[in-house]
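Numbering (this note's numbering), first residue to last: 441 to 699. Beta carbons: idealized from backbone N, C-alpha and C, even for Gly. No experiment lies behind these values; they were computed from the predicted model shown. Comments concern the structure below.
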């Protein structure tokens with residue numbers, strides 16, 4: 441089933457995001473490798489209240505108080521166009537045990553997302569807004585009302601999940617959103633079978649990991665999964681040499697013959 445694009449066309453998406461970056465913990469990544477599963481999370485379980493703002497709200501439609509049909513039926517993964525961010529490491533791996541996956545965008549589509557048949561797939565570029573404007577709905581309200589009245593999950597509800605506060609603009613975030621055709625056994629996650637190495641081109645370890653830990657992990661991934669990992673250099677270029685505060689006075693030589 442074809443992937444649907446929101447706030448960006450497929451062509452512009454491939455051109456702008458030749459690579460995308462996914463930050464996660466080593467534990468979750470290794471679990472994904474062993475199970476050959478890619479996991480999408482129910483946004484209702486995201487910690488930031490603004491992230492799930494619209495899913496938790498009541499909507500007044502024709503004098504009736506209704507919830508979004510998307511609540512409990514929609515799942516997402518957040519990826520970024522930003523390759524290096526200290527904040528990302530701290531948010532997604534607070535225990536300093538993270539890994540950054542570099543996705544080839546065309547392979548992500550061709551080898552994975554385009555082949556999912558049991559769900560509707562949306563890729564959306566996040567729309568960053570100032571906090572006081574966040575709650576406003578400036579797009580197709582009629583379309584949103586129609587979706588709510590029919591009890592279906594559609595593009596207008598997806599747009600609500602692509603709103604984020606402007607203070608996170610540095611993330612340059614893209615969201616991959618899944619709407620399964622059938623109810624999942626658990627409302628927390630949606631899992632689909634895939635070999636993540638078919639669209640991942642680079643694996644970068646947390647910059648906060650010590651060198652001994654890095655050496656062990658490099659050997660582990662090479663022995664068990666046959667690919668190499670690198671270590672983020674986010675903190676490695678700090679100068680270790682002493683800082684010279686010596687003040688040097690340069691004397692100007694007088695020209696010959698001057699008095």
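#### Entry: In chain order, each alpha helix (DSSP H) run of at least 4 residues that lies wholly inside the segment 516 to 586
526 to 532 and 545 to 550
Exercise for review: With DSSP collapsed to three states, give me the class of residue 460.
Suggested key: strand
Is it true that the CB of residue 499 sits closer than 9 Å to the CB of residue 505? yes
- Own chain residues within Cβ distance below 7 Å of residue 591, not counting five before or after: 509
CB residue 613 to CB residue 566, shorter than 9 Å? yes
Q | Rounded separation between residue 673 and residue 647 - CA only | A | 6 Å
Just to confirm, is the Cβ distance from residue 515 to residue 481 under 9 Å? yes
Straight-line gap, residue 663 to residue 524 (C-alpha atoms, nearest Å): 27 Å
Quick check on DSSP: helix, strand or coil for residue 621? coil
Practice item. Would you mind working out which of 463, 572 and 507 sits nearest residue 607, comparing C-alpha positions? Key: 572
Grab me the residues of residue 610's own chain with a C-beta within less than 7 Å of its C-beta, minus the 5 sequence neighbours each way, in chain order. 522 and 525
When you compare only the Cα positions, how much space is there between residue 507 and residue 598?
14 Å
Exercise. Report the option in 475, 495, 476 and 474 whose CA atom is closest to the CA atom of residue 483.
Key: 495
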